[in-house]
Each structure stands twice: as structure tokens, then as C-alpha cells.
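Trainee: In this note's numbering, the protein residues as written are 7 to 617.
Next up is a structure, given as C-alpha cells.
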């Protein structure tokens, strides 16, 4: 990390203090962070006449070796296109805001405070009510049928009350939804919090690239299901058609500022994981014309075609007529200009904050195949990123040393799969080498070995005495789990509900508590998988019911000819001739069911299990 200012070490408290200062900005640039503070000058454009002079002032600052960081509001696009000038009403804020700085401090990580998983916002509500929203989708479908447009990106605003500070909102949301193009800006009059996964453009000397994002699919619950969802999105003709439409639009935009023949689509229909969704992206690159200025670049590209529709200008005209409030920074662009370098995001998943009041935009690309109710539900889901809580957690594997690690290959494979699913870096050979080194110290005593993997790839291995006290009894938990919860299928440290149920079971003289899902299907115990003997054969719930694919469970299914997966109910459990619990640390052993307890339907809750 280095820069022309502030030699002191960056700390969480220092960043929190700086975040209160007007002109402070933090930008994510792939794996790096750029930190700006104390601008020499602030450049704002509060009307159409001031926009191009503001961009020219930025150009002058770059020629002197400085950098600029800030944003363009979506409505700046109306100011850049003469045909759209009549649509530019008086904006609530500047069309453009940029701080001019000597340079940035660059770091590979920032010390954010730990997320306490607390509430961040309340009262989130869309401005357009459901029936009116659906009617607007139908109006867009009619425009498409008439040949007016091919696609329109239609959006609405969600207003909410902030229950924490702006900087905490940013750091907490980034911890829960890490994305490559996040941004935080404090202009003094408002704060901008952006959790954007989408690159608008990147300039590197004479090369420029854009990476439009169009096409979405939900993530799967297991790695196998997740990969299948990605393959289905990649093969989707509908999503490919939408994506290529935007690719063609942005190729045309790049052609205005690039050398003839240099614009190439270098990657088409790539699918990438971003949080809880798969996204389809394509990459277009070109060689910039000599002397391409900031103003020329912005005029050619802004706003991104992925947030307008096609044809771009006609779509923007209809957007102005259909949408009921200005977009603001949402779907604009946030980023920086440096001498011969630049990067801006497409400002989706972006909130503008003023004191304790906030607004975000939500929306999507509307085609003739779109459905009003489905688009409305998707907007509700997109807005929920403000309140969806995924506390910080580590991936976890626990195994026994007997001596020798029990099912080591299976444990490392499961950890590798979960690391891929959640996007945690994991070096399997390094983990194996660390375990082999530990083995030299363990001796011949039974040990419980616990291995955790952090989001940044840090591996921790601990060991303790292994005791296998067994009561030979199992009871039924009153809590229900949801088979839709992806954390049921991966072993992590965030498992407080399961820890509570296991502790209560032990207190009651039982080895574990068995869970049922929302359909009344048996799943697993808090720390064990379960087998029941039915009609002389061994049955265990399928993973799809909502359970961890245990390593010993897999071995039993592989090696016992009479063992198979089957959906099991409470009656199957009550009528089983034998019940077995198993995990790789405690082994396989029979238990009796405590029959006086049964699932409590009135008090059932959805359990977000990560274990």
C-alpha cells in the first residue's frame, strides 16, 4: 500500500473516521482497493451546461498527474444527447460529482469492522404499487410488439430508513455480498453505497474494455446443483438473445471512440457467480483513438446499454415516460480517472443516503416474454439485499485421528467443493501438508481435529481430546429447516441453532436431535446423519431434503448393498426397526427414539443452518 498522503497505517477506526469527511471515497478495483480523501477541489455539474466543462476540468487535472474519483448520475445521459435534452428536469442532485486528488492509496485489503449481523435498514418499500407496476410491464410489452424497442430496462425506487451509519452499511453489505466493483463516497450532502458486481468500462493506456451484464439465474444449493444452474444459464437462448442485443449496442458505442476494426468481442456469454445469483456477461475491447478525452469517452458510452435497453436513445425516451421518479446515481456510474487509466462500475445495487433516509433502485430488462407479476417478485427479491443477513463464517471440517485421519480425502474434497461454492480461496495440497505436519505431533491417542477456512483463504487447524460418550437415545427437534436454504448443504461455523439443539439434546440425555423440513421430511441431526432400517434395508434421507452430505454417510451408501436414499417421514421414523446415527468423528451407532416428543408445527421456524 502506498500513496502520496497519510503515511499512517490504515485501521478500521481510522477508515470509519475518514468516512465522515466530505470528499472521502473508497473504490474496489477487482482484488484491490483505492482510497481517496481530502480532495484539492470538487467538481460538480448541477445542470446540462455545466456537465462538459466539468469533464474538461477533470481532463486538465489528469494532465497535471492527478486523479479524479466520483460519479455520474443516470440523468447525465439526457444532458449528453441533444435529442434527450427536453427530458432533463431539474435534478435533486448534481449530474456529476468528482473530487480531484493528488492520487489514491492502493491496498489489497481494508480493515473493515466485524459485521454483527444486526439490522441495517427498515421500512423498505417500492414507490410503485404492484398493480400499477404490472400495468407498466404490459405497456412495455406492447411497445416491443409495435416495434418501438427490442428491450427496455425498467426500474423503480425503494425508500427505506437507515438503522446504522452509512459506513457501517457499506462495510456490512460488502462483508455479506463481496463484489469486485463496490464503492463508497461521501459528498458532504449525501453518501453513496454501491455493491455493484458489474463493470461499466476499464481503460488501460490505449485499451478500453466494457463488460455488460445481462442474464440472471438463481444459485443452486449444492455445488453440483449450482454448476448445473450455471450451465443452464449459459445455454439459455432467451438470455443469450438479451445479452447479444446489449453487446451489439455497446460495440456500436465503442466504435465511436476506437480505431476502426479494433473493436472485438473477446468473451461472449460467460457466466459468473455473484452472491446468490449467476450472471451472464460478455466482454468487448478496443483500441482507443489517439487523444481520446474524458468527455469523448463519457459521451460515447454513458449510460451503459445494460441499464437502458435497445435501441438506446429510444429506450431512454420511453424510460423517462414510464418511470415515476429520477434514478439518480442508481444505473449511473461510479469510479475514477487517472492518467491513462480509469475504471467505472454500473451503479446497480446502489443506495443514496441522506441522514437516516435512503433510496435504492431495483429493476430489470423487460422483453416481450416478461411477466409483470414475475418482474415484481424479482424486484422484491433484489431489494432484499439490504436486509438479507449472512454473518461472517468459516468453512469447517471436523475429523478424527485414530491414529490416522478418518476419511481425509473425503473431508478435503467436501471443503474444496464448499470453497468453490462460496468463493473462498483454498489450497488443498497446502491443507494436506499442514495436516501431515500436525500428524507428527498427535501420537497414538484419539484426537478430534478441527479445520476451518476463512473467506480470505486463511486456514486454521486445532485439535482436542476425542471422547465418544453415547447415551443411545435420540429425540426430535421442534424446529423446522427449509430445504431451500443453501447453508444446510455446507459445513460452516455459523450453526448456532444446531449447536443449541445439540446442547439441549445432551442435557436431556440424548445423543442428538433430529430435524424435519418444511414438507415434514426427515433430514438429519444437529451433528449426525441418520439411517433407519425399514423392511430390512437401510434408508437415509436424500441430500435434496436439506442436509449435509456427511463423509461417513457417503461411505455407508457406497459400501452397503442394502443402503439407499429415500424420502422419510415421521411415520417411517416411528416405525423403523432400528435407527442409526453416524458421523466420521463419532462413528456409526444405534439409538432409540424418545417418542414423547414430535415436531411442533406451531412453533416451527426456518433455520439458516451453515453446518
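A virtual CB, placed ideally from N, CA and C, is assigned to each residue, including glycine.
Taking C-alpha atoms, which residue in 406, 522, 322, 385 lies nearest to residue 448?
Mentor: Taking the chain shown and counting its residues from 1, one reaches residue 448 at position 442. When each option's Cα is compared against that of residue 448, the closest is 406.
Trainee: In the DSSP assignment, find the unbroken beta strand (DSSP E) run with residue 351 in it and report its ends.
Mentor: Here residue 351 refers to the residue found at position 345 when the chain shown is read from its first residue. Where residue 351 is concerned, the enclosing beta strand (DSSP E) stretches over 347-352.
Trainee: When the Cα of residue 212 is compared with those of 260, 193, 200, 296, which residue comes out closest?
Mentor: Reading the chain shown from its first residue, position 206 is the one you call residue 212. It is 296.
Trainee: I believe residue 127 touches residue 167 by the beta-carbon criterion, under 8 Å. Please report the beta-carbon distance rounded to the nearest angstrom.
Mentor: Locating residue 127 in the chain shown gives position 121, where the first residue counts as 1. Locating residue 167 in the chain shown gives position 161, where the first residue counts as 1. At roughly 7 Å, the Cβ-Cβ gap stays under 8 Å, so residue 127 and residue 167 are in contact.
Trainee: Do the CB positions of residue 204 and residue 354 come within less than 8 Å of each other?
Mentor: Counting from one through the chain shown, the residue named residue 204 turns up at place 198. Counting from one through the chain shown, the residue named residue 354 turns up at place 348. Contact flag set, yes.
Trainee: Kindly indicate which three-state DSSP category residue 588 falls into: helix, strand or coil?
Mentor: Numbered from 1 along the chain shown, position 582 holds the residue referred to as residue 588. Note: residue 588 maps to strand in three-state DSSP.
Trainee: For the region 551-558 and the region 481-501, state whether three or more C-beta atom pairs, one from each stretch, are separated by less than 8 Å.
Mentor: Segments in contact, yes.
Trainee: Which residues share a DSSP beta bridge with residue 217?
Mentor: Indexing the chain shown from 1 puts residue 217 at position 211. DSSP output for residue 217 lists no bridge partner at all.
Trainee: Tell me which residues share the same chain as residue 29 and place their Cβ nearer than 8 Å to its Cβ, disregarding the 5 neighbours each side in the sequence.
Mentor: Translated into positions along the chain shown, residue 29 becomes position 23. For residue 29, where only same-chain residues beyond five positions count, the Cβ hits under 8 Å are 42, 43, 44, 45, 48, 105, 192, 193, 194.
Trainee: Round the Cβ separation of residue 254 and residue 307 to the nearest angstrom and send it over; I've been treating them as touching at under 8 Å.
Mentor: One-based indexing of the chain shown puts residue 254 at position 248. One-based indexing of the chain shown puts residue 307 at position 301. That pair is no contact at about 14 Å.
Trainee: Within 10 angstroms of its Cβ, does residue 388 collect 16 or more other Cβ (buried), or is it exposed?
Mentor: For the purposes of this step, residue 388 is identified with residue 382 of the chain shown, where counting begins at 1. So residue 388 counts as buried.
Trainee: In the DSSP assignment, find the beta strand (DSSP E) that holds residue 289 and state where it starts and stops.
Mentor: As a first step, residue 289 must be located in the chain shown, where it is residue number 283. From DSSP, the beta strand (DSSP E) with residue 289 extends over 283-293.
Trainee: Could you pull the start and end residues of the beta strand (DSSP E) that residue 538 belongs to?
Mentor: In the chain shown, the residue the question calls residue 538 occupies position 532. Start and end: 535-540.
Trainee: Have a look at residue 467 and residue 439 and give me their C-alpha separation to the nearest angstrom.
Mentor: Counting from one through the chain shown, the residue named residue 467 turns up at place 461. Counting from one through the chain shown, the residue named residue 439 turns up at place 433. Those two C-alpha atoms are separated by around 12 Å.
Trainee: Leaving aside the five residues before and after residue 210 along the sequence, list all residues of the same chain whose C-beta is less than 7 Å from its C-beta, in chain order.
Mentor: Along the chain shown, read from residue 1 onward, the residue named residue 210 stands at position 204. Correct list, in chain order: 347.
Trainee: With a threshold of 16 other CB atoms inside 10 Å of the CB of residue 220, please say whether the residue is buried or exposed.
Mentor: Along the chain shown, one-based indexing puts residue 220 at 214. Buried: at least 16 other Cβ atoms inside 10 Å.
Trainee: Using a Cβ-Cβ cut-off of 6 Å (strictly less than) and excluding sequence neighbours within five positions of residue 298, which residues of its own chain qualify?
Mentor: Against the chain shown, residue 298 aligns to sequence position 292. Once the five neighbours on either side are set aside, the close Cβ partners of residue 298 are 263.
Trainee: My output table needs one value for residue 610: the three-state DSSP class, helix, strand or coil.
Mentor: Residue numbering aside, residue 610 sits at position 604 when the chain shown is read from its first letter. Residue placement at residue 610 is flagged as unreliable, the pLDDT there being 32, under the threshold of 50; the coordinate-derived value follows with that caveat. Of the three classes helix, strand and coil, the one that applies to residue 610 here is coil, per DSSP.
Trainee: Measuring CA to CA, which of 151, 118, 40, 129 is closest to residue 393?
Mentor: Position 387 of the chain shown holds residue 393. If we check each option's Cα against that of residue 393, 129 comes out closest.
Trainee: What residues match up with residue 264 in a beta bridge as DSSP calls it?
Mentor: Residue 264 sits at position 258 when you count from the first residue of the chain shown. Note: residue 264 sits in a beta bridge opposite 294.
Trainee: How is the alpha helix (DSSP H) around residue 78 delimited, first residue to last?
Mentor: Looking up residue 78 in the chain shown gives position 72. Unbroken run through residue 78 is the beta strand (DSSP E), 73-78; no alpha helix (DSSP H).
Trainee: Would you kindly check if the distance between the Cβ of residue 539 and the Cβ of residue 506 is under 8 Å?
Mentor: Reading the chain shown from its first residue, position 500 is the one you call residue 506. Reading the chain shown from its first residue, position 533 is the one you call residue 539. The answer is no: Cβ separation not under 8 Å.
Trainee: Of all the CB atoms in chain B, is at least one closer than 8 Å to the CB of residue 116?
Mentor: Chain labels in this structure do not include chain B; a single protein chain is all it has.
Trainee: Ignoring anything shorter than 3 residues, give me the beta strand (DSSP E) runs that lie fully in the region 126-170, in order along the chain.
Mentor: DSSP runs (the beta strand (DSSP E)) wholly in the region 126-170: 127-132, 157-168.
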